[in-house]
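Protein chains in written order, with the numbering used here: chain H, 13 to 426; chain R, 13 to 426.
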């Protein structure tokens, strides 16, 4: 990889060779991929991008940590739509709002970007089996991408994982273990099995390449905006890998000279589980674990595994933190679906809930351009959507009854 | 619309002006859009397509029934992946197989292609409200695309519609009526309300433009295959609109000279509900209603509303009909997810179930190239996926127990 210098620990600064199966630093810190931007600038620019047919996340391969002769693996990930949401911008009182809908990825979440990278690196390193522990989108996206890449998977979930998510994993042919115990015990069993059998490790925050896959979401945003960086990008935050990836993509774009400033990140967490935001607000990396009191399951992470990179991303971008209640998340879910036609899962719309709150409190300048990322599809969690909707109007096949029922709701038929 | 000559009844041959709010023929027959291919050939060819940035269904606008100055509306629909499924082709014993995954559209089904067309035509015709009756994907895609286009919707579903589908519709802000009665009564109430209030009608088979939206799936397939038409395209068939659209796209491509032959269509229905296949097999348009005995709800259509166009499509393409049991559909759902990483809803994988059966029976030539279309995402119907999966392995956080449990299943951990 001529474009990569080395891996560097975000905690102690130690450097490592960027081998395909690298994990964490000896000190336990997370590793970051350090690029040779001077070299990259000689092979990558707007014209290169413009002439490229590849419409997937791999169109940015000069900025990705794969060998020059590696063929990307997995499903067709990336190139998600960036909707111009003028109506919502008017409601929120800002100049421009764009909604990045990453719920249309192949397994319906942004995690596909990390999983496609994981299976590509696993095959590059010569592995035929890949493993992770997760309760949600990371697991299903790994299972789907691994199935497409013809890799075996071992996946560990806590016994309490919803049946629907288990079904999706079993469908993709994962060797699935439901662990009788907590998430911590699930993680431990996966660790022991990975060590014993020598599988490729797709546990987020252990594998340094995953957030490099995730960063393609912000590379895309910048290209879709024709290299005019927005003032803000709002991101839902759980374990911290996604916001770290978003920042990394912006940092790359800045360092290769394709944007003139890095947008300020808006880090949105649930009020009931916001360890990263608490630490970032206090401008410290010394975060404290919290309980997981939110229904937005994909960001209910009391012990975030990538807090360090996430907090750096918020502070280095001169970012803003905001926490939202579950009711505010529910309201944002309905708002975004109704006003934009984008139906996100609870954690997926949390960014928009936070942006809405900031706008209502006058924190965001009226002439600002903002991007809000929706990280997962609402169909992932239909139960909570059912609980978040009014019931329809009921009527027999009778036009009078139909009209009366709408009138009772105060809706004028027209 | 310089590219459109007129609308023509598929039953009696009467022609009509192609107004934006046209419905059916006076005789009750379905109308088909007749294009001026001689004119289209002067403005549309491979080079025009190659130089076009638009990566949505609207990149084929010379072949679509919209005014030259109409701006497309709705969500970002189309450009779904066409996966090269070599492993599955080997298993089935054919030369090449491609899987077209239309479940990654914005509301997760192929119906988005019709709904984006519907909202575009509604706005072109000056309407601000659009209506339909449906139990499923047509309704949710209409609601989503209308929300994005800032149109009001009135949607009618039978009271028995699953809660999840109702939730998705309510999320998108539809004025939703759950009709106490059968689907027929639901349709009747929608008809009366549409007539009284003068809304734009998105009922499939009444609106002649919907299958023109759907045809973009085969326009894409042909372009993705670099204008090398496959021998066969397999399609799941319910009310007939999708296979009619697939044929129309191929017919267009043939008539503008971009393919040299029209692929043979494989029409796949559920054994428990196959009125179109029965008629097509007897080479007649005189079909007989059937009961709806299949769990694949999106194709459980005993009284298909577009049977005429569908049967023509099968016969005119020298197509093949095949019916599959619910168990064969379940098996195909697991097969496709496991071998390709594509998780389709039951009706979405029915085409692949049929193709598999034909291959096993030696009907498809070994040197054939085949495309199978997946019309909807498996997340649309997670309940049936749960019932279609084995349970995971259960284990405490104990490596020995983990290993024993897999051994009991006869799975060798490696």
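Backbone N, C-alpha and C fix where the C-beta goes; we use that ideal spot for every residue, glycine too.
| Which residues DSSP lists as bridging residue 18 of chain H, in chain order | H/46
| query | Taking contact to mean at least 3 C-beta pairs separated by less than 8 Å, is the region 346–362 of chain R in contact with the region 86–104 of chain R? | reply | yes
| query | Comparing the C-beta of residue 360 of chain H with each C-beta of chain R, is any distance below 8 Å? | reply | no
| query | Should residue 140 of chain H and residue 168 of chain H be called a contact, given that it needs their Cβ atoms to be closer than 8 Å? | reply | no
| Using a Cβ-Cβ distance under 8 Å, would residue 100 of chain H count as near chain R? | no
| field | Coarse secondary structure for residue 392 of chain H, derived from DSSP in three states | value | helix
| field | Pick from H/419, H/411, H/378 that is closest to residue 104 of chain H, judged by C-alpha positions | value | H/378
| Counting only beta-carbon atoms, is residue 142 of chain R nearer than 8 Å to chain H? | no
| request: Measure from the alpha carbon of residue 81 of chain H to the alpha carbon of each residue in H/339, H/34, H/14, then state which is nearest. | output: H/14
| request: At 3 residues or longer, and completely inside the region 346–394 of chain H: list those beta strand (DSSP E) runs for me, N to C. | output: 381–386
| query | For residue 194 of chain H, is the classification buried or exposed, using 16 other Cβ atoms within 10 angstroms of its Cβ as the cut-off for buried? | reply | exposed
| field | Interface flag, residue 201 of chain H vs chain R, CB-CB below 8 Å | value | yes
| query | What is the DSSP secondary structure of residue 152 of chain H, counted as helix, strand or coil? | reply | helix
| The beta strand (DSSP E) spanning residue 141 of chain H covers which residue range? | 141–145
| message | Closer than 8 Å is the cut-off here; do at least three beta carbon pairs connect the region 358–375 of chain R with the region 238–254 of chain R? | response | yes
| message | Within 10 Å of its beta-carbon, does residue 40 of chain R have 16 or more other beta-carbons around it, so buried, or fewer, so exposed? | response | exposed
| query | So, are the CB atoms of residue 110 of chain H and residue 94 of chain H less than 8 Å apart? | reply | yes
| message | I'd like to know if the region 178–188 of chain R and the region 391–409 of chain H are in contact, where contact means that at least 3 CB-CB pairs between them fall below 8 Å. | response | yes
| task | Can you tell me which of R/137, R/152, R/47 puts its alpha carbon nearest to the alpha carbon of residue 117 of chain R? | result | R/152
| message | List, from N- to C-terminal side, the alpha helix (DSSP H) runs of 4 residues or more that fit wholly inside the region 258–299 of chain R. | response | 287–293
| query | With 16 as the cutoff for other CB atoms within 10 Å, does residue 219 of chain R come out buried or exposed? | reply | buried
| request: Run through the region 50–136 of chain H for me and flag every whole alpha helix (DSSP H) of 4 or more residues, listed as ranges in chain order. | output: 58–62, 98–104, 123–136
| request: State the Cα-Cα distance for the pair residue 375 of chain R and residue 57 of chain H, rounded to the nearest angstrom. | output: 51 Å
| field | Limits of the beta strand (DSSP E) - the one that residue 246 of chain R falls within | value | 244–248
| When Cβ atoms are compared, which residues of the region 79–100 of chain R fall closer than 8 Å to chain H? | 86, 87, 88, 91, 93, 95, 99
| query | Does DSSP put residue 188 of chain R in a helix, a strand or coil? | reply | strand
| Is there at least one Cβ from chain R nearer than 8 Å to residue 411 of chain H's Cβ? | yes
| So which residues of chain H does residue 187 of chain R contact, with C-beta pairs closer than 8 Å? | 405, 418, 423, 425
| task | Kindly say whether residue 389 of chain R, judged by its beta-carbon, lies nearer than 8 Å to any beta-carbon of chain H. | result | yes
| In chain R, what lies closer than 8 Å to residue 159 of chain H by C-beta? | 349, 350, 351, 352, 353
| task | List the residues that DSSP assigns as beta-bridge partners of residue 170 of chain R. | result | R/191
| said: For residue 138 of chain H, count the other beta carbons within 10 Å of its own beta carbon; 16 or more makes it buried, fewer makes it exposed. Which is it? | reply: exposed
| task | Taking the CB atoms as reference points, tell me whether residue 189 of chain R and residue 414 of chain H lie closer together than 8 Å. | result | yes
| task | Closer than 8 Å by C-beta to residue 150 of chain R: which residues in its own chain qualify, once you throw out the five before and the five after it? Chain order, please. | result | 123, 126, 127, 144, 214, 216
| Assigned exposure category for residue 176 of chain R - 16 Cβ within 10 Å defines buried | buried
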